[in-house]
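Participant: In case it helps, the numbering used here puts the sequence shown at residues 4 to 306. Built from N, CA and C at the ideal position, the CB exists for glycine as well. Here the structure is a predicted model, which means the values were calculated and not measured. If you scroll down you'll find the structure; I have some questions about it.
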Amino acid sequence: MSRYASWGIILDDIIYPNGRSAMGMPGGGGLYAASGMRLWHKDVAICAAVGADFDPALVKPLGFDGSGLIVTDLPTPRAWQLLEENGRRTQIPRISHEAWFEQLVAIPHAQPIPPTLKALHFLGRGDALEEPFVQSLVEAGVFLSAEPIIGANSTADELAVLRRCLPHFTIFAPGAPDAALLAGDGSPEEQLRALAAMGPRLVALRQGAAGSLLFDGENGRFYRIPAAPANIVDVTGAGNAFCGGLLVGWHETGDIRRAAAMACVSAAMTIEQVGPVPIDDAVMAEAERRADGVMGQILEIGD
């Protein structure tokens, strides 16, 4: 196992607003988060439960050797991704609910935690299995960032599980609907303060094309992070990649502006093609150059 990791691969069958399609693209929040990490560090793994139908060669251009893949007798998670002009995305799983749950939740939470793992990005649904899994990661000394996978259909029990996990996360990065579900109505600043009071030091509200708003609960300061310039092709996975870049940036540097720059560049480079970024040394150097260029645009703001 590598120094950095995230969990989960979904094969995306993408339908764009103009009717164009891209079928069988490697995706899923875990893969996009790991890709956002991989732009900055070579020691990154994507861990995933996949079926015999999955071709490991799909992840090699993305900078992963496939060693984190667990082949089961279930199908690889696969879903329609229906994109609309207004930015709305609808995900429709193409395998059974039972297989989806096993591959993306039950199997990862049953895996031993390798001693080489130093930091992990966690995608939380609020399932009862998640709380003991998070606790075991903390006991193993693993640094955690997280983003929620919740919505209007999330139950009170699921939201309660996520809230109980929040003290274990150093970084938490919800979208606006997630923040409202977990922290209630209020201004973005009020929501970020409320979430930070539940435990995480850094809380980043992901706001799509508007960039993000980050709150440091330790120093009480807010930071406006812009959306880095990008030639937009497909916005799928941008938020996940942002989280991966923020995790590696903070864990490696402890510099909030550098971490923020790395996060927004991870998002920008993700949306410049269909699927995660193909990565080599030249691409990593380009990421560093682009992060240098946005450092001065990350501003501390009043609340």
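Going by other Cβ atoms of all chains shown within 10 Å of its Cβ, with 16 needed for buried, is Glu88 buried or exposed?
Facilitator: Sequence index remark: in the sequence shown, residue 88 carries index 85 (1-based). With fewer than 16 other Cβ atoms within 10 Å, it is exposed.
Participant: Using only alpha-carbon positions, find the residue among Gly154, Glu192 and Val145 that is nearest to His171.
Facilitator: One-based indexing of the sequence shown puts residue 171 at position 168. When each option's Cα is compared against that of His171, the closest is Val145.
Participant: Between which two residues does the alpha helix (DSSP H) containing Pro135 stretch?
Facilitator: Locating residue 135 in the sequence shown gives position 132, counting from the first residue. Per DSSP, Pro135 belongs to the alpha helix (DSSP H) from Glu133 to Glu142.
Participant: Within the same chain, show all residues whose beta-carbon is closer than 7 Å to that of Ala143, passing over the 5 residues directly before and after it, in chain order.
Facilitator: In the sequence shown, the residue the question calls residue 143 occupies position 140. Correct list, in chain order: Ile116.
Participant: Going by beta-carbon coordinates alone, are Ala213 and Val206 separated by less than 8 Å?
Facilitator: Taking the sequence shown and counting its residues from 1, one reaches residue 213 at position 210. Taking the sequence shown and counting its residues from 1, one reaches residue 206 at position 203. No, the Cβ-Cβ distance between Ala213 and Val206 is not below 8 Å.
Participant: Can you list, in chain order, the residues of its chain with a C-beta nearer than 8 Å to that of Leu302? Leave out the 5 residues immediately preceding and following it.
Facilitator: Here residue 302 refers to the residue found at position 299 when the sequence shown is read from its first residue. So the qualifying residues of the chain are Tyr226 and Arg227.
Participant: Enumerate in chain order the residues of its own chain whose CB-to-CB distance from Glu255 is below 6 Å, with the five nearest sequence positions on each side excluded.
Facilitator: Position 252 of the sequence shown, counted from the first residue, corresponds to residue 255. No residues qualify anywhere along the chain.
Participant: With three or more C-beta pairs closer than 8 Å as the rule, is the region 260 to 279 touching the region 234 to 252?
Facilitator: Taking 8 Å as the limit for Cβ pairs, the verdict is that the region 260 to 279 does touch the region 234 to 252.
Participant: Does the Cβ-Cβ distance between Ser70 and Ala48 come in under 8 Å?
Facilitator: The residue given as residue 70 occupies position 67 in the sequence shown. The residue given as residue 48 occupies position 45 in the sequence shown. It is a contact, given that the beta carbons lie within the stated cut-off.
Participant: Name the DSSP bridge partner or partners of Pro2?
Facilitator: For the chain, the structure presents residues 4 to 306; residue 2 sits outside this window and is missing.
Participant: Do the CB positions of Leu86 and Ile18 come within less than 8 Å of each other?
Facilitator: Your numbering for residue 86 matches position 83 in the sequence shown. Your numbering for residue 18 matches position 15 in the sequence shown. Contact flag set, yes.
Participant: Go through its chain and collect everything with a Cβ distance to Trp253's Cβ below 6 Å, but skip five positions before and after it.
Facilitator: In the sequence shown, residue 253 corresponds to position 250, counting from 1. The residues are Ala262.
Participant: Compute the beta-carbon to beta-carbon distance between Leu169 and Pro191, rounded to the nearest angstrom, for a pair I have assumed lies under 8 Å.
Facilitator: Counting from 1 along the sequence shown, the entry for residue 169 is found at position 166. Counting from 1 along the sequence shown, the entry for residue 191 is found at position 188. No, Leu169 and Pro191 are not in contact; Cβ-Cβ is about 17 Å, not under 8 Å.
Participant: Using only the alpha-carbon positions, how far apart do Leu72 and Arg167 sit?
Facilitator: Taking the sequence shown and counting its residues from 1, the one referred to as residue 72 is at position 69. Taking the sequence shown and counting its residues from 1, the one referred to as residue 167 is at position 164. Distance between the alpha carbons of Leu72 and Arg167: 29 Å.
Participant: May I ask you to list the residues that DSSP assigns as paired with Arg97?
Facilitator: Translated into the one-based positions of the sequence shown, residue 97 becomes position 94. In the DSSP output, where bridge partners are listed per residue, Arg97 has none listed.
Participant: With a Cβ-Cβ cutoff of 8 Å, do Ile110 and Thr75 count as a contact?
Facilitator: Looking up residue 110 in the sequence shown gives position 107. Looking up residue 75 in the sequence shown gives position 72. Cβ distance < 8 Å, so Ile110 and Thr75 count as in contact.
Participant: With a threshold of 16 other CB atoms inside 10 Å of the CB of His44, please say whether the residue is buried or exposed.
Facilitator: Looking up residue 44 in the sequence shown gives position 41. Classification of His44: buried, given that the 10 Å Cβ count is 16 or more.
Participant: Pull the bridge partners of Ala8 from the DSSP assignment, please.
Facilitator: As a first step, residue 8 is located in the sequence shown; it is residue number 5 there, counting from the start. Note: Ala8 sits in a beta bridge opposite Ala48 and Leu123.
Participant: Alpha carbon to alpha carbon, how far is Pro96 from Ala102?
Facilitator: For the purposes of this step, residue 96 is identified with residue 93 of the sequence shown, where counting begins at 1. For the purposes of this step, residue 102 is identified with residue 99 of the sequence shown, where counting begins at 1. Straight-line Cα distance between these residues: approximately 10 Å.
Participant: Write down the C-beta distance between Ala197 and Ala186 rounded to the nearest angstrom, noting that I regard them as a contact closer than 8 Å.
Facilitator: Here residue 197 refers to the residue found at position 194 of the sequence shown. Here residue 186 refers to the residue found at position 183 of the sequence shown. Contact flag correct, Cβ pair sits at about 4 Å.
Participant: Less than 8 Å between the CB atoms is what I'm expecting for Gly66 and Arg92, so what's the real figure, rounded?
Facilitator: Here residue 66 corresponds to residue number 63 of the sequence shown, with the count starting at 1. Here residue 92 corresponds to residue number 89 of the sequence shown, with the count starting at 1. Actually they do not touch by this definition, with Cβ atoms about 25 Å apart.
Participant: Compare the C-alpha of Val286 against each of Ser38, Arg6, Val141 and Leu14 and name the closest.
Facilitator: To locate residue 286, count along the sequence shown from 1; it is residue 283. For the residues Ser38, Arg6, Val141 and Leu14, the minimum Cα distance to Val286 belongs to Ser38.
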